[in-house]
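**Student:**
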Amino acid sequence: MTLALSTRFRRLKTTPAIRALVQECVLSPSDLIWPMFVMEGENARTPVPSMPGVERLSIDLIVKAAREAEALRIPAICLFPYTDPALKTQGCEEAWSPENLSNRATRAICEAGINVAIMTDVALDPYNINGHDGIVRDGVIVNDESVEALVKMALAQAEAGADILGPSDMMDGRIGAIRSELEAQGFKDTAILSYAAKYASAYYGPFRDAVGASGALTGDKKTYQMNPANADEALRLVARDLDEGADMVMVKPGQPYLDICRAVKDQFGAPTFAYQVSGEYAMIMAAGQQGWIDDEACMLESLIGFKRAGCDGVLTYFAPRVAALLNG
Ligand code: PBG
Numbered sequence: 014m015t016l017a018l019s020t021r022f023r024r025l026k027t028t029p030a031i032r033a034l035v036q037e038c039v040l041s042p043s044d045l046i047w048p049m050f051v052m053e054g055e056n057a058r059t060p061v062p063s064m065p066g067v068e069r070l071s072i073d074l075i076v077k078a079a080r081e082a083e084a085l086r087i088p089a090i091c092l093f094p095y096t097d098p099a100l101k102t103q104g105c106e107e108a109w110s111p112e113n114l115s116n117r118a119t120r121a122i123c124e125a126g127i128n129v130a131i132m133t134d135v136a137l138d139p140y141n142i143n144g145h146d147g148i149v150r151d152g153v154i155v156n157d158e159s160v161e162a163l164v165k166m167a168l169a170q171a172e173a174g175a176d177i178l179g180p181s182d183m184m185d186g187r188i189g190a191i192r193s194e195l196e197a198q199g200f201k202d203t204a205i206l207s208y209a210a211k212y213a214s215a216y217y218g219p220f221r222d223a224v225g226a227s228g229a230l231t232g233d234k235k236t237y238q239m240n241p242a243n244a245d246e247a248l249r250l251v252a253r254d255l256d257e258g259a260d261m262v263m264v265k266p267g268q269p270y271l272d273i274c275r276a277v278k279d280q281f282g283a284p285t286f287a288y289q290v291s292g293e294y295a296m297i298m299a300a301g302q303q304g305w306i307d308d309e310a311c312m313l314e315s316l317i318g319f320k321r322a323g324c325d326g327v328l329t330y331f332a333p334r335v336a337a338l339l340n341g
């Protein structure tokens, strides 16, 4: 292609008004899912040192934060429990207790009548004595027994009032098993947002601090989470999870995997989310605190990148800050 001399791309960059007119992608508070860490106590909060600005909150404060999400027009929150180490077992029984932290928080938000969707995490790691997402027998993460446990966990979350279940465990067959149990028990409108393409990533470090799983984890998660070198496999996983009954799919982490987001959206056209994970958040905040980057500008740039890559929304710890900014 030869460009005529009269073609000037700078014409449409001359003023803020013209730039706004030709902007292709838009980030809005309705694109956000806000992940929160729940802990025991009352009116209690503890900072997560590796995630500046993020705190674990007791259930009463989680209810307040959910109200804040509603006021900020953030449509969904996602709950992760900081579980008492004394409740972690080999069999992970606390995972399906109706009285576990996550389920109590879900009920409290429902009872408060807050207009926000509640997403919960379906994986055994917060309840597992060895920090893995599945049950461990003789050093092996056993798939089918883990799926049975995950189904019980998912049902308890649906009964507590969760609107969206987020299986993040990467066991095979869990979406189909959870979906058929939900149908059988009458939870026909409980949505599943599958962590379909979840990579074995070093970017999860600060999260594992936040939920108190770092010390517990023995070994790594490479026998169930994806190899960062693979892309075709991500598409096969998404196809499988949609086929088994997922309503929405997720790519995780986010920024290093924008190619996967784009490919998933193009191939399936399903509601597609990215998780801007704890390490991505920590890097932006840490460099900002050093004065090495402008963290607010990088926050906005990283988030519009997900929209440009085809995502319908993003799970991000920046949710309240960016929503406040976008709302003016
Ligand atoms: C565990 C889970 C992880 C995250 C969400 N759910 C960590 C892991 O797989 O070890 C990571 C989120 C983040 O880093 O922000 N099932």
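Taking this note's numbering as reference, the numbering of the sequence shown is continuous, increasing by one, and the terminal residue is 341. Where is the CB? At the ideal position from N, CA and C, for every residue including glycine.
With respect to the beta strand (DSSP E) encompassing Ala210, which residues constitute its N-terminal and C-terminal limits?
**Tutor:** Residue numbering aside, residue 210 sits at position 197 when the sequence shown is read from its first letter. Run containing Ala210: 204 to 211, per the beta strand (DSSP E) assignment.
**Student:** Can you find at least 3 beta carbon pairs, one from the segment 203 to 215 and one from the segment 54 to 70, that sit closer than 8 Å?
**Tutor:** Touching, no.
**Student:** Indicate whether Val135 and Ser193 have their beta-carbon atoms separated by less than 8 Å.
**Tutor:** For the purposes of this step, residue 135 is taken as residue 122 along the sequence shown, with counting starting at 1. For the purposes of this step, residue 193 is taken as residue 180 along the sequence shown, with counting starting at 1. No, Cβ-Cβ distance for Val135 and Ser193 is not below 8 Å.
**Student:** DSSP three-state label for His88, please.
**Tutor:** Reading the sequence shown from its first residue, position 75 is the one you call residue 88. Note that residue 88 is Pro in the sequence shown, not His. The answer is coil: DSSP assigns Pro88 none of H, G, I, E or B.
**Student:** Between which two residues does the beta strand (DSSP E) containing Ala283 stretch?
**Tutor:** Along the sequence shown, one-based indexing puts residue 283 at 270. It is not in any beta strand (DSSP E) - Ala283 carries neither H nor E in the DSSP assignment.
**Student:** Which residues mark the beginning and the end of the alpha helix (DSSP H) in which Lys265 is found?
**Tutor:** For the purposes of this step, residue 265 is identified with residue 252 of the sequence shown, where counting begins at 1. Not the alpha helix (DSSP H): Lys265 falls in the beta strand (DSSP E), residues 261 to 265.
**Student:** Does the segment 200 to 211 touch the segment 253 to 270, meaning 3 or more C-beta pairs lie closer than 8 Å?
**Tutor:** Contact holds: three or more Cβ-Cβ distances are below 8 Å.
**Student:** Look up Gly179 in the DSSP assignment and say whether it is helix, strand or coil.
**Tutor:** Along the sequence shown, one-based indexing puts residue 179 at 166. Strand.
**Student:** Taking 7 Å as the line, does the beta carbon of Ala210 fall inside it for any heavy atom of the ligand PBG?
**Tutor:** Numbered from its first residue, the sequence shown carries residue 210 at position 197. No, the beta carbon of Ala210 sits no closer than 7 Å to any heavy atom of the ligand PBG.
**Student:** Roughly how many angstroms separate the alpha carbons of Leu328 and Leu18, rounded to a whole number?
**Tutor:** Numbered from 1 along the sequence shown, position 315 holds the residue referred to as residue 328. Numbered from 1 along the sequence shown, position 5 holds the residue referred to as residue 18. Answer to the nearest angstrom: the Cα atoms are 44 Å apart.
**Student:** Taking C-beta to C-beta, are Arg69 and Val76 nearer than 8 Å?
**Tutor:** Sequence index remark: in the sequence shown, residue 69 carries index 56 (1-based). Sequence index remark: in the sequence shown, residue 76 carries index 63 (1-based). No, these two residues do not count as a Cβ contact at 8 Å.
**Student:** Between Pro139, Pro48, Thr119, which lies nearest to Glu107 when the distance is taken from Cα to Cα?
**Tutor:** Here the question's residue 107 lines up with position 94 in the sequence shown. Closest by alpha carbon: Pro139.
**Student:** Between Phe286 and the rest of its own chain, which residues show a CB-CB distance below 8 Å, the 5 nearest in sequence each way excluded?
**Tutor:** Here residue 286 is taken as the residue at index 273 of the sequence shown, counted from 1. The residues are Ile46, Leu206, Met261, Val262, Met263, Val264, Cys324, Asp325, Gly326, Val327, Leu328.
**Student:** Is there a C-beta anywhere in chain D that falls below 8 Å from the one on Arg334?
**Tutor:** Chain labels in this structure do not include chain D; a single protein chain is all it has.
**Student:** Would you check if there are 3 or more beta carbon pairs closer than 8 Å linking the segment 286 to 304 to the segment 226 to 246?
**Tutor:** The segment 286 to 304, when compared against the segment 226 to 246, does not touch it at the 8 Å Cβ threshold.
**Student:** Going straight from the alpha carbon of Ala173 to that of Val35, what length do you get?
**Tutor:** Working through the sequence shown from its first residue, we reach residue 173 at position 160. Working through the sequence shown from its first residue, we reach residue 35 at position 22. Their Cα atoms are separated by approximately 45 Å.
**Student:** Note down the Cα distance separating Arg117 from Val39, rounded to an integer number of angstroms.
**Tutor:** The sequence position of residue 117 within the sequence shown is 104, counting from 1. The sequence position of residue 39 within the sequence shown is 26, counting from 1. Distance between the alpha carbons of Arg117 and Val39: 36 Å.
**Student:** Within 10 Å of its beta-carbon, does Gly179 have 16 or more other beta-carbons around it, so buried, or fewer, so exposed?
**Tutor:** On the sequence shown, residue 179 is found 166 positions in, with the first residue counted as 1. By the neighbour-count rule (16 or more Cβ atoms within 10 Å), Gly179 is buried.
**Student:** For the ligand PBG, any of its heavy atoms closer than 7 Å to the Cβ of Gly54?
**Tutor:** Mapped onto the sequence shown, residue 54 falls at position 41. Every heavy atom of the ligand PBG is 7 Å or more from the Cβ of Gly54, so no.
**Student:** Run through DSSP, which three-state label would Asn113 get?
**Tutor:** For the purposes of this step, residue 113 is taken as residue 100 along the sequence shown, with counting starting at 1. In the structure shown, Asn113 sits in coil (DSSP, three-state: anything other than H, G, I, E or B).
**Student:** Using 8 Å for Cβ pairs, my map puts Glu161 next to Val129. What's the rounded Cβ distance?
**Tutor:** In the sequence shown, the residue the question calls residue 161 occupies position 148. In the sequence shown, the residue the question calls residue 129 occupies position 116. About 31 Å separates the two Cβ atoms, so there is no contact after all.
**Student:** Compute the beta-carbon to beta-carbon distance between Thr348 and Ala223, rounded to the nearest angstrom, for a pair I have assumed lies under 8 Å.
**Tutor:** With the chain running from 14 to 341 in the structure shown, residue 348 is simply not present.
**Student:** Could you pull the start and end residues of the beta strand (DSSP E) that Leu45 belongs to?
**Tutor:** One-based indexing of the sequence shown puts residue 45 at position 32. Where Leu45 is concerned, the enclosing beta strand (DSSP E) stretches over 45 to 52.
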